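In the UniProt record's numbering, the protein residues as written are 1 to 171. Take a look at the structure below.
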């Protein structure tokens, strides 16, 4: 949706906040294209998956070590055995750090980031209208994550230098 005009028929009126717009759902579904070429490429890529996951896990170990004592960010902790698609941060309560300023700092250092998945999914009214659902309680944690969380990606190549750079920027 990033190339659509501010007011359009797909998303309605878009926010001026590029970070908020960077991962906004407008329709339910999956990013699946069942084409023969995609299938052929996928079969070959699946052969590399164990190696990709191994490197991503090594990046995650390094990331967790570098950020374990961060003064104002909490980082995700692994439950089970993850393939570590990326690294999530949540700004600690009372730190005085504002996510918008943190995002600007990362962007100016040429480090891409985005909301954690979509933040509070209940704010995706354009998608939720397709579902029959009930919210049984306040969603204070989802709200906090929505306002104070962000995500940077991992890769299937070693990122130790990049993680060091990220830690330097987020001192």
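For every residue, glycine included, the Cβ atom is placed at its ideal position computed from N, Cα and C. For clarity, every value in this text was computed on a predicted model and none was experimentally measured.
Distances from the CA of residue 17 to each of 104, 138, 163 and 63 were compared; the closest alpha carbon is that of 104. Straight through space, the alpha carbons of residue 36 and residue 100 are spaced by roughly 42 Å. Here residue 89 is actually not in contact with residue 159; their C-beta atoms are around 16 Å apart, not less than 8 Å. With contacts defined by Cβ atoms closer than 7 Å, residue 145 and residue 116 form a contacting pair. Within the region 84-163, the complete alpha helix (DSSP H) runs of at least 4 residues fall at 99-108, 125-128 and 140-148. Residue pairing by DSSP places residue 37 opposite no residue, since no beta bridge is assigned to it. Between the region 54-61 and the region 70-89, the count of Cβ pairs shorter than 8 Å is three or higher; the stretches touch. Taken through DSSP and simplified to helix, strand or coil, residue 10 comes out as coil. Shown here for residue 166: same chain residues with a beta carbon closer than 7 Å to its own, the five before and five after excluded, namely 111 and 152 in chain order. For residue 11, the closest of 125, 162 and 140 by C-alpha to C-alpha distance is 125. Note: residue 73 is bridge-paired with 91 in the DSSP secondary-structure output. Annotated three-state conformation of residue 59 is helix, per DSSP.
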